[in-house]
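Undergrad:
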Amino acid sequence: MSEPKREPDPVRQRERGLLRVGTTTRRTATAATAAALLLGAGYAHVLPSVSSLASDAVEHSSRSHEQPQAPANAPGSTTQPSQTTSGAS
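Just so we're aligned, residue 5 is where the sequence shown starts under this note's numbering, counting upward by one.
Pasting the structure below:
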């Protein structure tokens with residue numbers, strides 16, 4: 005006589021599936037983190053002028069707080085007549 009075919013244990017199947025999903029998730033997260041770090045390092049290496057521009061802007065803004073500066077263009081008068089609008093009809 006032959007032995008009846010045994011059905012796979014659903015609990016074990018679920019556990020194996022969860023283990024596979026967890027492993028895949030960890031590998032994907034690790035690869036994404038590594039890729040982000042490599043891209044960031046690559047961009048920082050290729051574009052060093054951007055970081056120097058940012059540090060210059062920070063330096064400039066900190067100096068502007070020390071001494072007020074006059075505006076580039078003084079306010080001027082307009083030659084157009086003023087227009088008044090109201091809600092009444």
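Quick reminder that beta carbons are idealized off the backbone N, C-alpha and C, glycines included. Everything numeric in this text was worked out from a predicted model, so none of it was measured.
Quick check on DSSP: helix, strand or coil for Ala36?
TA: The three-state reading of DSSP puts Ala36 in helix, counting H, G and I together.
Undergrad: If you draw a straight line from the alpha carbon of Glu11 to that of Glu19, how long is it in whole angstroms?
TA: 16 angstroms
Undergrad: Using the C-alpha atoms, what's the distance from Ala33 back to Ala39?
TA: Whole-angstrom Cα-Cα distance: 10 angstroms.
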